[in-house]
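Novice: Protein chains in written order, with our numbering: chain A, 1 to 190; chain B, 1001 to 1495; chain C, 2001 to 2148.
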Amino acid sequence: MIAGKQLIILVLDIALSAIVIVAFAWVVASTRRPTAQSAVQSGGYRLRRSWGWFYGVLLAGAFTATIWSIPYAWAQPAQGSSDPLVVHVVAHQFSFTMPQRLPADRLIKFVVTSSDVNHGFGIYDPQGRLLGQVQAMPDYSNVFYFTFRQPGTYTIRCMELCGVGHSDMFQKLAIYPTQTGSSAASLPGE
Amino acid sequence: MQAIAPEPIELHGAEAGLTPRRMVGIGLVVGLITIYGLAMIGGTMKAAQGNLVHLAPQTFYALLTLHGAGMISVVVLLTAVAHWYFLRNLLKLRVEVLLFSVVATVWGLLAAGAAVLGGGFGPGWTFLYPLPFIGTTWPAWSTGLFFIGVLFVGIGFAIFLLDILAGVIREYGGILQGLAFDTFFPKLRRPGKEVAPPTVIAATMVALDGLLTVAAGTVLVVALLARWASPTFPIDPLWIKNLTFFFGHTIANLTIYLSAGVIYAVLPAYTGRPWNTNKIYTLSWATSLLFVPWAWPHHLYMDFVQAPWLQLFGEASTYIATIPSAVVTIFGALLLVYRSNMRWRIGSVFFMAGLLGWLVGGIAAMLDATIPFNDVLHNTLWVPAHFHTYLLGGVFLFVIGFASYFVGEKAPPRAIVKVWEWLFFIGLVGFLLMFYAGGIDGVPRREATPPTPGPQLAAIATGFVVILLLGMTALLIEIWMRARRHAITGEGEGL
Amino acid sequence: MRSKPSFWYSVLAVLILLDVFGPALLGAGDPPLWLHHLEHAFLLAAGGGFGVLYARRHPKPYGDPGWLFAVIGLSAASLLLMLPDVYGNVDAFPVLHSLLHLAFVGIGYVGGYTAERYSPRSGVAWTLIVVMMGVITATGFGAPGPHV
Ligand code: HEM
Ligand SMILES: [Cu+2]
Ligand SMILES: [Cu+2]
């Protein structure tokens, strides 16, 4: 059920937390055999130095790794050139003005804004997994590139508290398969 | 130039019967009672999300706003009071000033509470413009009253911070010495003065970043009040969102740094080992000072129009800001405890557990602050999951630990206390796990009626909240009874 | 000893007078919004500088907490000047606007003085905070969003 990015995140979180918990348990257990501070301090300082370097390199690595996979249009110039389908989305209290059906396997350029307060625009796949999101801010248009990989009934959900009706602010989005060569695509589940 | 000689200070408050100890005690009692009420509200929200009780959406969002704004303010108040307790002797601080800032904060909280409970003000504790003004279900007076309340909380905090800054300069001769730069440049040091202890370094950093935060918060609230007074007042939504999170993120974050000042003072007492300043501490706190105020853009990753350099710099700053905590403060605490003759009391147990919560919450926070992960975590329950881990499971534990230390705990606790601790921690962990589960399942935060599996998880979490609250009640009663006993026997702080 | 402060006094005074009355006399319009915010910050800071310099002549720098409460109260009260109903009405008349700018200097002066009386260098700290607020307002206070 948990897949994709969520799975990576979960595994990383559990693994890193487990390491930390074990370290704490070990330190706590060590207080059963106390000794003088001078006996542990220099070793501790050495360990701190190694740990500091390791951690610094880890962070630098993580930072470098992530800047290659950020979702912003300016970071992915290739997408601008591949003739996307432009879809305008206007969020309101408490609904979205946008198409009800969109093609699968086609790069879509969502241009997302709001007519009143801040809203969110989250895309959930037919199994209910969150695939990505962008904010809908009044006065601004956020450009969000997205490709629906599978046909089916997706859910668009508001991701920012926007008033009393926030929880009701979601709607279905039908993604129909694109057959190469045929223009009249059929829509599953309609 | 004429040296600014520290002058003898008489504590007027002491004459008037308000001893520093009593003042801190009052702060603790007021803060903990408020937290208690707000935690009940938290439990009620969970129960509502789990369909165990019914709340109208407007009520839910009003309670959410009160819980968030109240908790942040109270935790700032409590950590500030605890930190002050150790600073007062080092910096010769005056008790009246603390009294004033506690009173201002309490007035602010009362105003905000009246706006929420009386008017139903409910745009969340971040009150992101323009939600306080558009499509509202609450009267305009409650909007204005809430912002005035926030202003009062800010005034209380500013007074506290200015006094600490003044104390640092008086005592150590300047801000650089307060940050212990004399470890690098011994010439800076005042003749006859020792290098500032870590508690003071933490205070200096918090004072500087805190005043910057309050300055930003003031501009924010004044802009909102201006919009409230004249609806044509123009506001740029992206600008104010940046300002909102600059203020909101930093103020919540600073409670950790206030707590660090307390940890530096308390752990030596439990371990019997001194915690000294050296160059690493200087560097580490200078890093925090510089990078903590730049972490806010991680709240705007999903605003794709935000300037690219801010997004990347925000991610880098968030990462860098974790280094001092992970490599110096928490590591230093573990090193201090390692093979020490640690006396296990309620205080020491809660401080250690709090350090763990700080770290585990920090890991989840860093995953969320990583741009390619943020697009599936932003505004999901992952967010309250991680910040409850280091606020409820970190800062709040430090507060309980401090209360126990403050009351005095020479003798080991009664055997039954183990049971209360287990109840508390089982409740805590279960409650947090349900948040994480919801987050990884993509359930959005701040939902009066969340989509599946939100309600199921919330119903289970409510059970854990009950367990948590039982343990917490028992522990606080235990500490309170100890305080009464010690008031009679005259036993004071510490071990 | 004496010549140094009075030199700074004079420099500050000239700068302030130029800034406050120059535009009105020249008949120049308001500068861009962000610059105007910085101008206010400058005026407050200049007043604060005066206050600090003056307070330093007092033999006993460390005062009563009353000074601290006064400086916070004053800062809070002066926020009213930022409200559009106050500022907008004044803005329409160049002379009033100049006088308001003079009021900023006054607020700065009292703030710097009181804070410095509270504790050494608190006046400097207060002045820097006020400048910081000015810089923060200059990033967009009172400016509309892009597509209104
Ligand atoms: C037993 C203790 C607590 C319970 C049961 C509890 C419960 C909750 C719940 C259910 C939410 C709403 C989450 C959502 O759906 O978005 C929430 C939000 C929040 N909580 Fe807690 N909480 C507790 C303690 C704390 C503490 C100790 C703090 C801070 C020190 C805190 C700070 C917050 C904040 C800032 C929010 C966000 C409010 C908003 O979204 O505007 N909570 N809490
Ligand atoms: Cu919405
Ligand atoms: Cu002006």
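Beta carbons: idealized from backbone N, C-alpha and C, even for Gly.
Express the C-alpha separation of L2043(C) and F2104(C) in angstroms, rounding to a whole number.
Specialist: Going by the C-alpha atoms only, they are around 6 Å apart.
Novice: Report yes if the C-beta of A1114(B) is less than 7 Å from at least one heavy atom of ligand 1; otherwise report no.
Specialist: no
Novice: With G1178(B) and A1196(B) assumed to form a contact (beta carbons below 8 Å), what rounded beta-carbon distance in angstroms separates them?
Specialist: 6 Å
Novice: Report the option in V1074(B), S1404(B), L1117(B), G1357(B) whose CA atom is closest to the CA atom of F1387(B).
Specialist: G1357(B)
Novice: With 8 Å set as the bound, which would you pick, yes or no: does the beta-carbon of S2006(C) sit closer than that to a beta-carbon of chain B?
Specialist: It does not: the Cβ of S2006(C) has no partner Cβ on chain B nearer than 8 Å.
Novice: Would F1147(B) and L1267(B) qualify as a contact pair, given that the criterion is a beta-carbon distance under 8 Å?
Specialist: Contact flag unset, no.
Novice: Check the C-beta distance from D1264(B) over to S1288(B) and give it rounded, since I have them as a contact under 8 Å.
Specialist: It is worth fixing the name first, because residue 1264(B) is Tyr in this sequence and not Asp. The pair is not a contact, with the Cβ atoms about 13 Å apart (cut-off 8 Å).
Novice: Any beta carbon from chain C within less than 8 Å of D222(A)'s own beta carbon?
Specialist: Past the edges of chain A, shown from 1 to 190, lies residue 222(A), and the structure says nothing about it.
Novice: Around ligand 2, which residues pass a check of Cβ closer than 5 Å to any of its heavy atoms?
Specialist: H119(A), C158(A), C162(A), M169(A)
Novice: Scan the region 1088-1107 of chain B for residues whose Cβ lies nearer than 8 Å to a Cβ of chain C and list them as they occur along the chain.
Specialist: R1094, E1096, V1097, F1100
Novice: Evaluate contact between the region 1068-1087 of chain B and the region 1096-1109 of chain B, counting only Cβ atoms and requiring at least three cross-stretch pairs below 8 Å.
Specialist: yes
Novice: Hey, how far is the Cα of I19(A) from the Cα of V2052(C)?
Specialist: Rounded to the nearest angstrom, the gap between the Cα atoms of I19(A) and V2052(C) is 53 Å.
Novice: Suppose you measure from the CA of G1393(B) to the CA of G1362(B); what does that come to, to the nearest Å?
Specialist: 11 Å
Novice: Just checking, does the region 1031-1049 of chain B make contact with the region 140-149 of chain A on the three C-beta pairs under 8 Å criterion?
Specialist: no
Novice: Determine the chain C residues that contact W1141(B) at a beta-carbon separation under 8 Å, and present them in chain order.
Specialist: Those within 8 Å of W1141(B) in chain C number zero; the least Cβ separation is about 17 Å.
Novice: Below 8 Å between beta carbons is the criterion; list the residues of the region 102-118 of chain A that meet it against any residue of chain C, in chain order.
Specialist: none
Novice: Identify the residues that DSSP records as bridge partners of I175(A): which are they?
Specialist: L102(A), G152(A)
Novice: So if I threshold CB-CB distances at 8 Å, which residues from the region 55-83 of chain A count as touching chain B?
Specialist: Against chain B - using a Cβ distance shorter than 8 Å - the residues of the region 55-83 of chain A are Y55, G56, L59, A62, F63, T66, I67, S69, I70, P71, Y72, A73, W74, A75.
Novice: For a quick check, are the C-beta atoms of D2085(C) and S1230(B) less than 8 Å apart?
Specialist: yes
Novice: Which whole-angstrom value describes the C-beta separation of F1095(B) and L1018(B), a residue pair presumed to lie in contact below a C-beta threshold of 8 Å?
Specialist: First, the amino acid is wrong: residue 1095(B) is Val here, not Phe. Confirmed, Cβ separation roughly 6 Å.
Novice: Quick check on the DSSP output: the alpha helix (DSSP H) that includes Y1301(B) runs from which residue to which?
Specialist: Premise fails: Y1301(B) is in no alpha helix (DSSP H) and is neither H nor E.
Novice: Please state if the CB of W1084(B) and the CB of L1093(B) are separated by a distance shorter than 8 Å.
Specialist: Cβ distance < 8 Å, so L1093(B) and W1084(B) count as in contact.
Novice: Could you confirm whether any beta carbon from chain A is found closer than 8 Å to the beta carbon of G2145(C)?
Specialist: yes
Novice: Taking its Cβ as the centre, do 16 or more other Cβ atoms sit within 10 Å of H2147(C), making it buried, or is it exposed?
Specialist: exposed
Novice: I want to verify the contact list: residues of chain B whose CB lies under 8 Å from the CB of Q150(A), in sequence order.
Specialist: Those within 8 Å of Q150(A) in chain B number zero; the least Cβ separation is about 17 Å.
Novice: Can the beta-carbon of G1043(B) be found less than 8 Å from the beta-carbon of L1469(B)?
Specialist: yes
Novice: On the criterion of 16 or more Cβ atoms from any shown chain inside 10 Å, does H119(A) qualify as buried, or is it exposed?
Specialist: buried
Novice: Give a yes or no on whether the minimum CB-CB distance between L12(A) and chain B is below 8 Å.
Specialist: Chain B contact via Cβ: present.
Novice: Around the C-beta of L1145(B), are 16 or more other C-beta atoms found within 10 angstroms, so that it is buried, or is it exposed?
Specialist: buried
Novice: Expressed to the nearest angstrom, what Euclidean distance is found between the alpha-carbon atoms of V2135(C) and I2129(C)?
Specialist: 10 Å
Novice: Would you be able to state if there are at least three C-beta pairs under 8 Å between the region 1268-1284 of chain B and the region 1205-1218 of chain B?
Specialist: no
Novice: Would you verify that the beta carbon of R2002(C) is, or is not, closer than 8 Å to some beta carbon of chain B?
Specialist: No answer about R2002(C) holds up, because its pLDDT of 49 lies below 50 and its placement is not dependable.
Novice: Express the C-alpha separation of A25(A) and A2115(C) in angstroms, rounding to a whole number.
Specialist: Spanning the two alpha carbons is a distance of roughly 49 Å.
Novice: For ligand 1, I want to know if T248(A) counts as a neighbour, meaning its beta carbon is within less than 7 Å of at least one of the ligand's heavy atoms.
Specialist: Absent from the structure is residue 248(A), since the part of chain A shown begins at 1 and ends at 190.
Novice: What in chain B is Cβ-close to F96(A), meaning under 8 Å?
Specialist: What F96(A) touches in chain B: nothing, since even the nearest Cβ is about 15 Å away.
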